[in-house]
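Peer 1: When the count follows this note's numbering, it moves up by one through the sequence shown with no breaks and lands on 276 for the last residue. All C-beta atoms in this analysis are idealised placements derived from N, C-alpha and C, irrespective of residue type, glycine included.
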Amino acid sequence: MYTKNDLINDLKNMGLKPTDTVFVHSSYKHIAGEMGVEGGADTVVDAFIEYFGKEGLAVFPAMSWKLGYWLNDDGDICPPWEEPGEGFKPYGNEFDVKTTPCHGLGIIPEIFRQRENVVRSLCPTSSVCAYGKDAKSFCADHEKAETPLNWNSPWGKLYDRNAKILFLGTTMCCNTFLHVIEDHAEIPGLLVPYIWKYTVVDYEGNRFPVEFKRHVPGHNHYYIKVQQELIDAGIVTVEKFGSAECHLVDAVKEADYMMRKLKEIPELFTDEYNLK
1 MYTKNDLIND
11 LKNMGLKPTD
21 TVFVHSSYKH
31 IAGEMGVEGG
41 ADTVVDAFIE
51 YFGKEGLAVF
61 PAMSWKLGYW
71 LNDDGDICPP
81 WEEPGEGFKP
91 YGNEFDVKTT
101 PCHGLGIIPE
111 IFRQRENVVR
121 SLCPTSSVCA
131 YGKDAKSFCA
141 DHEKAETPLN
151 WNSPWGKLYD
161 RNAKILFLGT
171 TMCCNTFLHV
181 IEDHAEIPGL
191 LVPYIWKYTV
201 VDYEGNRFPV
211 EFKRHVPGHN
221 HYYIKVQQEL
231 IDAGIVTVEK
241 FGSAECHLVD
251 AVKEADYMMR
261 KLKEIPELFT
271 DEYNLK
């Protein structure tokens, strides 16, 4: 079985330093593989907190994207501007920073967000959780950003901090930072022409309204198109963490490269999705 020390050594072997800011997408199933992890997913979280928590910053997604939609028992969704079919019920519009669970991110982010001294940003749909000496300032004011994945949010701060984005057993389809780059590039048709309205409950129990436009969902499935291209360009390296094949991304290099590419081909991802 993989131990915490094994996993920390894998981080070191990738060239990651304890002073780095690392944003982590994860699949525990692929990390554990047939070997398993001693202590389970909690041990994976322990490894990141121990390695990056004193001098760097460990960041995980904590998205609650279902808020604002209609859902049925099968997990199908219906946007709020459409008439829901039979069996659909409103999921709700209230985000409580302490209790609202992560949606569709796997077990590791859900464990991480509940750890002591982990800070969560106050965006109702696309929050992040961070552990480290400046986690609070990193997560600050997300609820004030123009869009949930705006450059002026914790997501954009990944660029400022020269962060590394780590995909543990997942593909580039999970690359939320590409959404942020598209937002920064002001891609036409990226935002749904609808104002989503939420109530946020902060750590002190204060309640306040937040509203914004959200990205058109779904076209992230086409992010895989650039995975090999980014590897060939030296922006992504293929690594190993536990049993998982991993992709380690340089956030600055990825953003600079993709901004140039999206300037040439703004519809790179959105057209394929919209024509599907």
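1) Here's a check: name, in chain order, each residue in its chain whose Cβ is nearer than 6 Å to the Cβ of Arg269, leaving out the five neighbours to either side.
2) Just reading off the beta strand (DSSP E) that His247 is part of, what are its end residues?
3) By Cβ distance, which residues of its chain are closer than 6 Å to Met172, with the 5 residues on each side in sequence left out?
4) Find out if the Cβ-Cβ distance for the pair Leu149, His184 is shorter than 7 Å.
5) Checking contacts by CB at 7 Å: is Ala32 closer than that to chain C?
6) If distances are taken between C-alpha atoms only, which option among Val59, Trp65, Met1 comes closest to Lys213?
7) Output the distance between the C-alpha atoms of Lys276 and Asn5, rounded to the nearest integer angstrom.
8) Which two residues bound the contiguous alpha helix (DSSP H) that contains Lys240?
9) Taking DSSP as the reference, what is the three-state secondary structure of Met222?
10) Gly87: which of Phe95, Thr3, Ile77 sits nearest, CA to CA?
11) Please state the DSSP three-state secondary structure of Lys276.
12) Going residue by residue through the region 27-94, where are the continuous beta strand (DSSP E) segments of at least 3 residues, counting only ones entirely within it?
13) Taking the alpha-carbon positions, what's the Phe208 to His142 distance?
14) In its own chain, which residues sit with a C-beta less than 6 Å from the C-beta of Lys43, not counting the 5 before and 5 after it?
15) Under a three-way DSSP split, which group does Thr21 fall into?
16) Output yes or no for whether 7 Å exceeds the beta carbon distance between Gly242 and Tyr2.
17) Would Trp81 and Tyr194 be called neighbours here (beta carbons separated by less than 7 Å)?
18) Would you kindly check if the distance between the Cβ of Phe60 and the Cβ of Cys139 is under 7 Å?
19) Only counting the same chain, and skipping five residues up and downstream in sequence, which positions put a Cβ closer than 6 Å to that of Trp155?
20) Short check: CB of Ser137 to CB of Ala62, under 7 Å?
21) Do Ala251 and Tyr159 have their beta-carbon atoms positioned less than 7 Å apart in this structure?
22) Just mark Gly33 as buried or exposed, buried being the case when its beta carbon has 16 or more other beta carbons within 10 Å.
23) In three-state terms, what does DSSP make of Glu229?
Peer 2: So, from the listed chains and residues:
1) Working through the sequence shown from its first residue, we reach residue 269 at position 269. Residue identity differs from the one stated: residue 269 is Phe in this sequence, not Arg. Cβ within range, chain order: His219, Tyr222.
2) For the purposes of this step, residue 247 is taken as residue 247 along the sequence shown, with counting starting at 1. Taken as a continuous stretch (DSSP letters only), the beta strand (DSSP E) holding His247 covers 244-250.
3) For this step, residue 172 is matched to residue 172 along the sequence shown. Once the five neighbours on either side are set aside, the close Cβ partners of Met172 are Tyr223, Ile224, Gln227.
4) To locate residue 149, count along the sequence shown from 1; it is residue 149. To locate residue 184, count along the sequence shown from 1; it is residue 184. In this structure, His184 does not lie closer than 7 Å to Leu149 by Cβ.
5) Chain labels in this structure do not include chain C; a single protein chain is all it has.
6) Position 213 of the sequence shown, counted from the start, is the residue given in the question as residue 213. Of the candidates Val59, Trp65, Met1, the one whose C-alpha sits nearest the C-alpha of Lys213 is Trp65.
7) Working through the sequence shown from its first residue, we reach residue 276 at position 276. Working through the sequence shown from its first residue, we reach residue 5 at position 5. Legend: pLDDT at Lys276 = 49, less than 50; position of this residue unreliable, value from coordinates given subsequently. Whole-angstrom Cα-Cα distance: 45 Å.
8) Within the sequence shown, the letter at position 240 stands for residue 240. Not the alpha helix (DSSP H): Lys240 falls in the beta strand (DSSP E), residues 236-241.
9) On the sequence shown, position 222 is the one that residue 222 refers to. One point to set straight first is that residue 222 is Tyr, not Met, in the sequence displayed. If DSSP states are grouped into helix, strand and coil, Tyr222 belongs with the helices.
10) Residue mapping note: residue 87 aligns to position 87 of the sequence shown, counting from 1. Residue Ile77 is the option with its Cα nearest to Gly87.
11) Locating residue 276 in the sequence shown gives position 276, where the first residue counts as 1. Note on Lys276: pLDDT 49, under 50, position unreliable in the model; no value is reported.
12) Correct list: 57-61.
13) To locate residue 208, count along the sequence shown from 1; it is residue 208. To locate residue 142, count along the sequence shown from 1; it is residue 142. Cα to Cα, Phe208 sits roughly 14 Å from His142.
14) Your numbering for residue 43 matches position 43 in the sequence shown. With the sequence shown as reference, residue 43 is identified as Thr, and Lys is not the correct amino acid for it. Excluding positions up to five away in sequence, the list reads Lys4, Val37.
15) Taking the first residue of the sequence shown as 1, we reach residue 21 at position 21. DSSP, read as helix, strand or coil, puts Thr21 in strand.
16) In the sequence shown, the residue the question calls residue 242 occupies position 242. In the sequence shown, the residue the question calls residue 2 occupies position 2. Yes; because the gap between Cβ atoms is below 7 Å, this pair is in contact.
17) The count along the sequence shown starts at 1 and reaches residue 81 at position 81. The count along the sequence shown starts at 1 and reaches residue 194 at position 194. One thing to note: Trp81 has its Cβ within 7 Å of the Cβ of Tyr194.
18) To locate residue 139, count along the sequence shown from 1; it is residue 139. To locate residue 60, count along the sequence shown from 1; it is residue 60. Result no, Cβ atoms of Cys139 and Phe60 do not sit closer than 7 Å.
19) As a first step, residue 155 is located in the sequence shown; it is residue number 155 there, counting from the start. Within the same chain, Trp155 has close Cβ partners Leu149, Val180.
20) As a first step, residue 137 is located in the sequence shown; it is residue number 137 there, counting from the start. As a first step, residue 62 is located in the sequence shown; it is residue number 62 there, counting from the start. Result no, Cβ atoms of Ser137 and Ala62 do not sit closer than 7 Å.
21) As a working note, residue 159 is residue 159 in the sequence shown. As a working note, residue 251 is residue 251 in the sequence shown. The answer is yes: Cβ separation under 7 Å.
22) Here the question's residue 33 lines up with position 33 in the sequence shown. Exposed is the call here.
23) By 1-based counting over the sequence shown, the position of residue 229 is 229. Helix.
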